[in-house]
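*Asks:* Provided herewith is a single structure, encoded as structure tokens, for subsequent inquiry.
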Ligand SMILES: Cc1cc2nc3c(=O)[nH]c(=O)nc-3n(C[C@H](O)[C@H](O)[C@H](O)COP(=O)(O)O)c2cc1C
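In the numbering used here, the protein residues as written are 34 to 198.
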């Protein structure tokens, strides 16, 4: 069974979450490709796709949402899981929480998880620093790798059922 784990990440926090997911699935004997969403040429090769993105301004990174939209028909007939990584403390008033809320039903995903992210102020560009200074959220690494591990264990259970069905 061929599995793709693809990710949209700007500063690397979400990429590391995706990498852990890919490693955990691979450790269970599945054939896993791990890729930035911008490098994915197609999904026809895969039986299952796990696609995630960091959330900025309520939106997924464009490479991740673009991949989903470009291959929506193919994804509909595959086993798909989605995840978002973000910080709900960095949401401007009136802004949608996460555009990907509709993505899961669009592709018939098994699940859409939301995980907390990380905020490294020094890495941000000038505009981002201004926004973060104004919103003043807690800074640091809030990623929940145990939660990610539990979620991935559920995916593996389903993949094993599908592989041996
Ligand atoms: C300028 C800026 C805007 C952000 N906007 C949101 C947002 O709208 N919703 C959210 O949940 N998190 C938001 N975040 C938090 C990021 O999603 C979080 O820091 C994430 O871990 C970044 O992942 P990356 O390192 O993979 O790019 C924002 C962060 C920054 C710096």
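Beta carbons: idealized from backbone N, C-alpha and C, even for Gly.
Please report the residue range of the alpha helix (DSSP H) in which residue 178 lies.
*Replies:* 178-196 is the extent of the alpha helix (DSSP H) around residue 178.
*Asks:* Suppose you measure from the CA of residue 67 to the CA of residue 51; what does that come to, to the nearest Å?
*Replies:* C-alpha separation (whole angstroms): 8 Å.
*Asks:* Could you give the uninterrupted runs of the beta strand (DSSP E) lying entirely in the segment 39-120, keeping only those of 3 residues or more?
*Replies:* Those beta strand (DSSP E) runs which fall completely within the segment 39-120 and span 3+ residues are 64-69, 81-89 and 112-119.
*Asks:* For the segment 154-174 against the segment 127-140, are there 3 or more C-beta pairs whose distance is under 8 Å?
*Replies:* Touching, no, given that fewer than three Cβ pairs across the two stretches are closer than 8 Å.
*Asks:* Identify the continuous beta strand (DSSP E) that holds residue 142 and give its terminal residues.
*Replies:* From DSSP, residue 142 is part of no beta strand (DSSP E); its letter is neither H nor E.
*Asks:* Near residue 170, which residues of its chain fall below 8 Å by C-beta distance, leaving aside the five closest residues on each side in sequence?
*Replies:* Excluding residues within five positions, the ones whose Cβ falls inside 8 Å are 120, 122, 123 and 152.
*Asks:* Just grab the DSSP bridge partners of residue 36 for me.
*Replies:* In DSSP, residue 36 forms a bridge with 65 and 81.
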